[in-house]
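Student: Can you read through this structure? Questions will come right after.
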Amino acid sequence: MRFSLQDVKKSVRGRDMSVSLHFLRSEEVHAEIERLIAYHERLLGQPQRNFSLDDARACIGDYRLAHCLIACLSNWYNWRSRVWNTIIQEMIPSPILGDITSPTQLRLALYNYVNLHHQGFLDTHTRSVALQTFAELHSLNVTDLEYLLVIDGEDEAILVRDAPQPPFADEVAALYNQWVFEAALFSSSNVHFVIDCKAFGNMQQQTDAQDDSTVATGMGMVIKRLCYLAHRLGVYYDLAYDAQESLLEKQVAPERLHLTLYGPQ
């Protein structure tokens, strides 16, 4: 579950709306993130009605940042509806439900029962008696009946972890930074990058030093990849090197490449 630019911590200045995004630096709020992860771990296997947003936000302290970090944890944790057959098999004694195989069908059966025996309406005095009678028809007690009627609701969904182990705080912070960046890109009419050509050159030298590596990471490969993706996604772009006369005269490769993306057309 991504978040929008409105959800992200940022600073907005000037008439031209200069936006400075807040990225999490190394070790920043790591203790708070670990508390938030621990809170999710304590609630594993419990229904969503036991999950308190206020308690989760208190782990971080900052309301806006907490909202985004909780969203990031959805990459590892998920609310999953309980399986009807599994619940029925766990009940002792086993209920007699016939052709009823879902909460929806059970609600429909109760609706038809009330229409048939109570003219479609249950007041305060007759509700408990009607539920008790309907539950006995299916070898259920009233508590189990009321639970089965609502198990497909959001409040009854169970918190599960989709990964074999909890995430580390730096993993959550890295995902937060990635989604913040994506939120800014999604809200922009155009984006201007300044790319350090020397950095990619150094990466290529390190790659060449590894005999078993066949992946090219130089600046030329980066440009080819950008052009390919822009063409595939329907994105207009401009590429330009720093064109300083002194560099051109000396035939020295420019240090920076300017990339401007204009969005899908």
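In my numbering, the protein residues as written are 815 to 1079.
Just so you know, even glycine gets a beta-carbon here, dropped at the ideal spot from N, CA and C.
On the three-pair Cβ rule with 8 angstroms, is the stretch 956-966 touching the stretch 913-924?
Tutor: Taking 8 angstroms as the limit for Cβ pairs, the verdict is that the stretch 913-924 does touch the stretch 956-966.
Student: Just mark Ala852 as buried or exposed, buried being the case when its beta carbon has 16 or more other beta carbons within 10 Å.
Tutor: When all chains shown are included, Ala852 counts as exposed.
Student: Note the first and the last residue of the continuous beta strand (DSSP E) segment covering Ala1054.
Tutor: It spans 1049-1055 - the beta strand (DSSP E) in which Ala1054 sits, taken as one unbroken run.
Student: By Cβ distance, which residues of its chain are closer than 8 angstroms to Ala987, with the 5 residues on each side in sequence left out?
Tutor: Contacts found: Leu838, Glu842, Val843, His844, Ile847.
Student: For a test of the three-state rule: what should DSSP assign to Phe1007, helix, strand or coil?
Tutor: Correct three-state label for Phe1007: strand.
Student: How is Arg894 classed by DSSP in three states: helix, strand or coil?
Tutor: Strand at Arg894.
Student: Less than 8 angstroms between the beta carbons of Ser953 and Ile914, yes or no?
Tutor: No, the pair does not count as a contact, with Cβ atoms beyond the cut-off.
Student: To the nearest angstrom, how far is it from the Cα of Cys1041 to the Cα of Gly859?
Tutor: Taking the straight line joining both Cα atoms gives about 47 angstroms.
Student: Compute the Euclidean distance between the alpha carbons of Thr947 and Leu973, then round it to the nearest angstrom.
Tutor: So the two alpha carbons sit approximately 33 angstroms from each other.
Student: Tell me whether Pro861 sits in a helix, a strand or coil according to DSSP, three-state version.
Tutor: Pro861 falls in the strand class under three-state DSSP.
Student: Within 10 angstroms of its Cβ, does Phe817 collect 16 or more other Cβ (buried), or is it exposed?
Tutor: Buried.
Student: Just curious, the alpha helix (DSSP H) that Ile972 is in, first and last residue?
Tutor: No alpha helix (DSSP H) holds Ile972; the beta strand (DSSP E) holding it covers 972-975.
Student: Which term fits Leu887, buried or exposed, when burial requires 16 or more other beta carbons within 10 angstroms of its beta carbon?
Tutor: Answer is buried; the Cβ neighbour count reaches 16.
Student: Taking the C-alpha atoms as reference points, what is the distance between Ser916 and Ser908?
Tutor: About 15 angstroms.
Student: Output the distance between the C-alpha atoms of Val1036 and Ala971, rounded to the nearest integer angstrom.
Tutor: Near 45 angstroms, if we compare the C-alpha coordinates of Ala971 and Val1036.
Student: Between which two residues does the beta strand (DSSP E) containing Ser825 stretch?
Tutor: Start and end: 824-827.
Student: Note down the Cα distance separating Lys824 from Tyr990, rounded to an integer number of angstroms.
Tutor: Distance between the alpha carbons of Lys824 and Tyr990 is about 13 angstroms.
Student: Pick out whichever of Ser895, Asp958, Cys1011, Leu1071 has its Cα sitting closest to the Cα of Leu1053.
Tutor: Measuring from the Cα of Leu1053, the nearest candidate turns out to be Leu1071.
Student: Indicate whether Gln802 and Asp969 have their beta-carbon atoms separated by less than 8 angstroms.
Tutor: Given that the chain is displayed from residue 815 to residue 1079, the structure contains no residue 802 and the question cannot be resolved.
Student: Within 10 angstroms of its Cβ, does Pro978 collect 16 or more other Cβ (buried), or is it exposed?
Tutor: By the neighbour-count rule (16 or more Cβ atoms within 10 Å), Pro978 is not buried but exposed.
Student: Alpha helix (DSSP H) containing Leu887: first to last residue?
Tutor: Run containing Leu887: 877-887, per the alpha helix (DSSP H) assignment.
Student: Does Thr1074 come out as helix, strand or coil in the three-state DSSP assignment?
Tutor: Of the three classes helix, strand and coil, the one that applies to Thr1074 here is strand, per DSSP.
Student: Return the chain-ordered list of same chain residues with a C-beta closer than 8 angstroms to the C-beta of Asp869, the five sequence neighbours on each side being excluded.
Tutor: Once the five neighbours on either side are set aside, the close Cβ partners of Asp869 are Tyr853.
Student: Is the beta carbon of Leu999 less than 8 angstroms from the beta carbon of Val1008?
Tutor: No.
Student: Smallest Cα separation from Leu1043: which of Trp893, Arg894, Leu1075, Glu1069?
Tutor: Out of Trp893, Arg894, Leu1075, Glu1069, Leu1075 has the C-alpha closest to the C-alpha of Leu1043.
Student: Does Ser840 come out as helix, strand or coil in the three-state DSSP assignment?
Tutor: In this structure, Ser840 counts as coil in the three-state DSSP scheme.
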